[in-house]
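A.B. asks: Residue numbers for the sequence shown follow the working numbering, so the first one is 1138 and each next one is one higher. Just so you know, even glycine gets a beta-carbon here, dropped at the ideal spot from N, CA and C. All figures in this text were calculated on a predicted structure; none of them were measured in a lab.
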Amino acid sequence: MKVFRRFMHNPLRNFNYLIGCEETKQAIVLDPLDGDAMLALAEEQGYSIRLIINTHEHHDHIEGNPVVKAATGAEIWAHENAVNRIPDVDRGLKPGDRIELGSLRLKVLHTPGHTPVHVCLLVEAEDNNGVPVLFSGDTLFNACAGNCRNGGNVDEMYDSFVSQLQPLPDETLLYPGHDYMKNNLAFAETREAGNAMISHWQKQVESFAPDDMPVMTLGQERTYNPFLRLHEPAIKHRLQEEFPALGLADPDVFRALRQLRDQW
Ligand SMILES: [Zn+2]
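#1: Tell me which residues share the same chain as Ile1199 and place their Cβ nearer than 6 Å to its Cβ, disregarding the 5 neighbours each side in the sequence.
#2: Is any heavy atom of ligand 1 found at a distance shorter than 6 Å from the C-beta of His1195?
#3: Please determine, among Ser1240, Gln1377, Leu1246, Asp1171, the residue with the shortest C-alpha to C-alpha distance to Pro1304.
#4: Can you tell me the Cα-Cα spacing of Val1268 and Ala1262, whole angstroms?
#5: Quick one: does the C-beta of Asp1275 sit closer than 6 Å to a heavy atom of ligand 1?
#6: For Val1352, count neighbouring Cβ atoms within 10 angstroms of its own Cβ and tell me buried if that reaches 16, exposed if not.
#7: Apart from the five residues on each side of it in sequence, which residues of its chain come closer than 6 Å, Cβ to Cβ, to Ala1215?
#8: Please look up how many angstroms separate the CB atoms of Asn1290 and Pro1249, rounded, as I've assumed it's under 8 Å.
#9: Determine which residues share a DSSP beta bridge with Leu1167 and list them.
#10: Between the C-alpha atoms of His1251 and His1193, what's the straight-line distance to the nearest angstrom?
#11: In chain order, what are the residue ranges of uninterrupted alpha helix (DSSP H) at least 4 long that sit wholly in the region 1193 to 1264?
#12: Residues in the same chain with beta-carbon distance under 7 Å from Leu1367, minus the five sequence neighbours each way, listed in chain order, please.
#13: So, at 6 Å on beta carbons, what are the nonlocal neighbours of Ile1189 in its own chain, with the 5 sequence-adjacent residues on each side left out?
#14: To the nearest angstrom, report how far apart Leu1155 and Phe1380 are at their CA atoms.
#15: If we ignore side chains and look at the alpha-carbon of each, how far apart do Ala1174 and Met1138 end up?
#16: To the nearest angstrom, how far is the alpha carbon of His1315 from that of Arg1235?
#17: Is the Cβ of Val1205 closer than 7 Å to any Cβ of chain C?
#18: Tell me whether the beta-carbon of Cys1281 lies closer than 7 Å to the beta-carbon of Asn1332.
#19: Using the three-state DSSP reduction, which class does Lys1162 fall into: helix, strand or coil?
Here is the structure:
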């Protein structure tokens, strides 16, 4: 599997992905925003686009569908309940479905929270020379969780984190739907000021252009992403100082962090 990540240079800072099978040169386009740019990328890299997948229905994740479909005839696949929310969906995906294209094998994880029909795609280690990969859409970002303001639900997001993301191994490479890492690290620092990994990564990426942002692992995310650190005493302590009436069970901490990030 070969992954091409492209920053879209738009205000929402989307990443688009071309996921290619190196043996057959067939490829999947994930969440196309600029269809022409993804067609050009596929041509330049010698891949033929066979499939379009949308992690969810927001316009910045589907806008390039028609251009790519018209040029390649590729089918559009999305969560089965997104069929009426995204134009021209050819196949509705169910949780646990396995997508196969050439030697590519991707497992569909249903991760509601950002929207009810959000899916992440997981490439398991045995299907990628021992390296697991997660395409996380707007569910998990570098140093943050996706927002729940546009049709989402924060309690479902928490459940998705616990049931779908938490079990994934530390080595999993993370490919999120947007580049928000610098901002998110700055927010993380407000929640856990003494965490040396936050300042370490802030220094590492401060001069990086979006195209050059590092691909992080879930293990690394677990060292600085507050939404993956709900047990961290410093995070709980800080919340308790500010909101003495707040419960400190994991769902309470998750909900409070998400609300603070919305207002930040
Ligand atoms: Zn979205």
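C.D. replies: Inspection of the coordinates gives the following:
#1: Position 62 of the sequence shown, counting from 1, holds the residue named residue 1199. Correct list, in chain order: Asn1191, Ile1223.
#2: Within the sequence shown, numbered from 1, the residue matching residue 1195 stands at position 58. Under cutoff, so the answer is yes.
#3: Translated into the one-based positions of the sequence shown, residue 1304 becomes position 167. For Pro1304, the nearest C-alpha among the options comes from Leu1246.
#4: The sequence position of residue 1268 within the sequence shown is 131, counting from 1. The sequence position of residue 1262 within the sequence shown is 125, counting from 1. One C-alpha to the other measures close to 5 Å.
#5: In the sequence shown, counting from the first residue as 1, residue 1275 sits at position 138. True, at least one ligand heavy atom lies under 6 Å from that Cβ.
#6: If you number the sequence shown from 1, residue 1352 lands on position 215. Exposed, by the Cβ-count rule.
#7: Walking along the sequence shown from the start, residue 1215 turns up at place 78. Asn1191, Ile1223, Val1226, listed in sequence order.
#8: Within the sequence shown, the letter at position 153 stands for residue 1290. Within the sequence shown, the letter at position 112 stands for residue 1249. Sure, about 7 Å apart at Cβ, within 8 Å.
#9: Looking up residue 1167 in the sequence shown gives position 30. According to DSSP, which records beta bridges pairwise, Leu1167 is partnered with Tyr1154, Ile1190.
#10: Numbered from 1 along the sequence shown, position 114 holds the residue referred to as residue 1251. Numbered from 1 along the sequence shown, position 56 holds the residue referred to as residue 1193. The straight-line gap from Cα to Cα measures roughly 9 Å.
#11: 1202 to 1209
#12: Within the sequence shown, residue 1367 is the residue found at index 230, counting from 1. Excluding residues within five positions, the ones whose Cβ falls inside 7 Å are Asp1387, Val1390, Phe1391.
#13: As a position in the sequence shown, residue 1189 is number 52, starting the count at 1. By the criterion of a C-beta distance shorter than 6 Å, Ile1189 is surrounded in its chain by Val1166, Asn1202, Val1205, Ala1211, Ile1213, once the five residues flanking it on both sides are discounted.
#14: Position 18 of the sequence shown, counted from the first residue, corresponds to residue 1155. Position 243 of the sequence shown, counted from the first residue, corresponds to residue 1380. The straight-line gap from Cα to Cα measures roughly 44 Å.
#15: The residue labelled residue 1174 in the question sits at position 37 within the sequence shown. The residue labelled residue 1138 in the question sits at position 1 within the sequence shown. Taking the straight line from one Cα to the other gives about 20 Å.
#16: Here residue 1315 refers to the residue found at position 178 when the sequence shown is read from its first residue. Here residue 1235 refers to the residue found at position 98 when the sequence shown is read from its first residue. Each residue's Cα considered, the two are about 24 Å apart.
#17: No chain C is part of this structure, which consists of one protein chain only.
#18: Position 144 of the sequence shown holds residue 1281. Position 195 of the sequence shown holds residue 1332. Not closer than 7 Å, so no.
#19: Here residue 1162 corresponds to residue number 25 of the sequence shown, with the count starting at 1. Note: Lys1162 maps to coil in three-state DSSP.
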